[in-house]
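Taking the numbering used here, I'd label the letters of the sequence shown as residues 93 to 432.
A virtual CB, placed ideally from N, CA and C, is assigned to each residue, including glycine.
The block underneath contains the structure these notes are about, expressed in structure tokens.
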Amino acid sequence: MKAYYLVRNGAADKAFELRDLPVLKPKAGEVLVHAEAFGLNFADVMARLGLYQDAPPLPAVIGYETVGRIAEVGEGVTNVKVGQRVVALSRFGGYAQAVITDARATMPIPEDMDAGIATCLATQYATAWYAAEEMVRLHEGDHILIHAAAGGVGIALIQMAKRRGAVIFGTAGSDEKLTYLKSIGVDYPINYRKVDFAKEIKNLGFDKKLDVIFDPIGGDSVKKGMKLLTAGGRLVTYGASSMTDAKGNIFKMIGVAKGFGIWSPIEFVTTSRSLLGINMLRIADNRPEILGRCINSVVDLTAKGELSPVVGKTFPHTQLAEAHEYLASRQSIGKVAILW
Ligand SMILES: NC(=O)c1ccc[n+]([C@@H]2O[C@H](COP(=O)([O-])OP(=O)(O)OC[C@H]3O[C@@H](n4cnc5c(N)ncnc54)[C@H](OP(=O)(O)O)[C@@H]3O)[C@@H](O)[C@H]2O)c1
Numbered sequence: 093m094k095a096y097y098l099v100r101n102g103a104a105d106k107a108f109e110l111r112d113l114p115v116l117k118p119k120a121g122e123v124l125v126h127a128e129a130f131g132l133n134f135a136d137v138m139a140r141l142g143l144y145q146d147a148p149p150l151p152a153v154i155g156y157e158t159v160g161r162i163a164e165v166g167e168g169v170t171n172v173k174v175g176q177r178v179v180a181l182s183r184f185g186g187y188a189q190a191v192i193t194d195a196r197a198t199m200p201i202p203e204d205m206d207a208g209i210a211t212c213l214a215t216q217y218a219t220a221w222y223a224a225e226e227m228v229r230l231h232e233g234d235h236i237l238i239h240a241a242a243g244g245v246g247i248a249l250i251q252m253a254k255r256r257g258a259v260i261f262g263t264a265g266s267d268e269k270l271t272y273l274k275s276i277g278v279d280y281p282i283n284y285r286k287v288d289f290a291k292e293i294k295n296l297g298f299d300k301k302l303d304v305i306f307d308p309i310g311g312d313s314v315k316k317g318m319k320l321l322t323a324g325g326r327l328v329t330y331g332a333s334s335m336t337d338a339k340g341n342i343f344k345m346i347g348v349a350k351g352f353g354i355w356s357p358i359e360f361v362t363t364s365r366s367l368l369g370i371n372m373l374r375i376a377d378n379r380p381e382i383l384g385r386c387i388n389s390v391v392d393l394t395a396k397g398e399l400s401p402v403v404g405k406t407f408p409h410t411q412l413a414e415a416h417e418y419l420a421s422r423q424s425i426g427k428v429a430i431l432w
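What follows is the structure, given as structure tokens:
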């Protein structure tokens with residue numbers, strides 16, 4: 093069994109090496125999955141660039157989600173059986189042909205579910221579900237803004253918000269993505285490279301009228317977003333993609349961190365607005381049952397056809413570097429997945 097090890101930070105073609113994996117044995121509560129596919133997430137790009145504080149020390153196998161079959165179960169595992177096809181979230185270790193993970197983050201999937209579609213579920217769809225269904229409750233007519241709307245988490249949020257009847261503003265960085273967003277029901281697609289998203293929303297007549305903002309960009313995007321919220325409004329922050337623009341420049345990185353703003357609970361009370369944070373790794377570590385519930389919900393709704401994950405592109409594993417550069421190029425729409 094082999095795995096792609098992240099051996100150095102920097103360009104994708106020099107960053108990964110295919111190496112033998114040690115023999116893996118699941119402990120109590122764990123499962124061993126033999127993989128057919130794995131997914132890429134933007135956090136992997138940040139880990140490759142050395143911008144992700146939770147990434148393990150190098151050399152390391154990164155990656156959060158695996159699709160494959162249960163090869164072995166540890167003591168006490170009852171929710172899945174040997175031979176079953178599953179999607180699983182792992183705390184790193186995903187870029188591998190064999191993955192050990194917590195059984196509670198492992199869900200059976202239909203035999204006929206496309207492997208690429210399944211890679212969307214354990215991280216991007218589970219994160220979106222946690223954000224849009226557990227942390228925040230969307231209601232018909234709510235005005236919501238989704239940043240990086242054409243990405244993996246973004247498309248999942250759009251589908252979940254449409255199920256609830258929300259009015260959607262979505263940002264993306266190209267006109268091709270804007271056309272796509274319109275086609276999947278985004279009411280107000282905004283190209284943030286051409287216009288300032290906050291000014292555009294004000295020009296459209298929605299200043300201080302947004303109920304919920306989903307923000308993985310971070311920095312001053314959060315500060316600007318908070319000013320657009322109405323009473324009862326919530327901003328969910330779950331990433332800092334703008335750190336990639338800082339390109340390791342410590343002063344720019346401090347600028348991004350400061351850009352989030354300094355918030356006082358008193359202001360939240362007086363204006364009745366909230367700032368909420370998500371880190372799914374912390375949820376996986378401390379409340380794996382919540383993560384299991386989220387994965388279960390999105391697997392179920394996908395199998396029923398109520399959610400339709402979008403795979404932008406799949407690559408054979410020999411093109412992992414190209415896949416990474418593609419995701420980093422910010423051209424991708426939906427999921428980027430790798431087939432073994
Ligand atoms: N907190 C958590 O637990 C958690 C879990 C999952 C994902 N996330 C975060 O959610 C975000 C989306 O993840 P994903 O895997 O679904 O990736 P993705 O949205 O499929 O791809 C990233 C997209 O973000 C946009 N982007 C990248 N850098 C940007 C920048 N500097 N400024 C503005 N936009 C930028 C680009 O699209 P456009 O430029 O066209 O908009 C790019 O295509 C990431 O920030 C990720 O770290 C967080």
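**Prompt:** Any chance the CB of Met93 is under 7 Å from a heavy atom of ligand 1?
**Reply:** no
query = In three-state DSSP terms, what is Asn133?
reply = coil
Is Asp267 helix, strand or coil by DSSP? helix
Note to self: Less than 8 Å between the C-beta atoms of Leu431 and Thr406, yes or no?
What the structure shows: yes
Buried versus exposed call for Ser313 [16 or more other C-beta atoms within 10 Å across all chains shown]: buried
Compare the beta carbon distance of Leu296 and Leu327 with 8 Å and say whether it is the shorter of the two.
-> no
Inset, instruction - Would you list the one or two residues that DSSP bridges to Ile236? - result: Ile260 and Val304
Examine ligand 1 and report whether any of its heavy atoms sits within less than 7 Å of the Cβ of Val259.
no
Start-to-end residues for the beta strand (DSSP E) that takes in Ser366: Ser366 to Gly369
| query | Exposed or buried, what is Thr211 when buried is set at 16 or more other beta-carbons lying within 10 Å of its beta-carbon? | reply | buried
Quick one: using the 10 Å Cβ neighbour count with 16 as the cut-off for buried, is Pro281 buried or exposed?
buried
* Asked: In whole angstroms, what separates the C-alpha of Ser366 from that of Gly324?
  -> 8 Å
Rounded to whole angstroms, what is the Cα-Cα separation between Ala190 and Ala420? 26 Å
Beta-carbon proximity check, Leu320 vs Asp299, cutoff 8 Å: yes
Check: Asp204 C-beta below 7 Å from any heavy atom of ligand 1:
no
Euclidean distance between Cα positions of Val174 and Met318 = 48 Å
**Prompt:** Would you report the Cα separation of Met138 and Val123, rounded to the nearest angstrom?
**Reply:** 28 Å
_Segment contact, 8 Å Cβ cut-off, at least three pairs: the segment 164 to 183 with the segment 355 to 362_ = no
Regarding Asn378 and ligand 1, is the C-beta to nearest heavy atom distance less than 7 Å?
-> no
Could you say if the segment 404 to 418 and the segment 99 to 112 meet the contact criterion of at least three C-beta pairs nearer than 8 Å? yes
Practice item. Answer yes or no: the CB of Gly244 versus the heavy atoms of ligand 1, is any distance below 7 Å? Key: yes
Report task. Kindly indicate which three-state DSSP category His126 falls into: helix, strand or coil? Result -> strand
**Message:** Assuming Gly310 is part of the alpha helix (DSSP H), what are its boundary residues?
**Reply:** Here Gly310 belongs to no alpha helix (DSSP H), and DSSP marks it neither H nor E.
- Let me know if Arg177 comes out buried or exposed under the rule of 16 or more other beta-carbons within 10 Å of its beta-carbon. buried
Handout entry: Ranges of the beta strand (DSSP E) found wholly within the segment 349 to 429, counting only runs of at least 3
Key = 366 to 369 and 403 to 408
*asked:* Less than 7 Å between C-beta atoms, sequence neighbours within five positions excluded: which residues of the same chain meet that for Tyr272?
replied: Ala242 and Ile425
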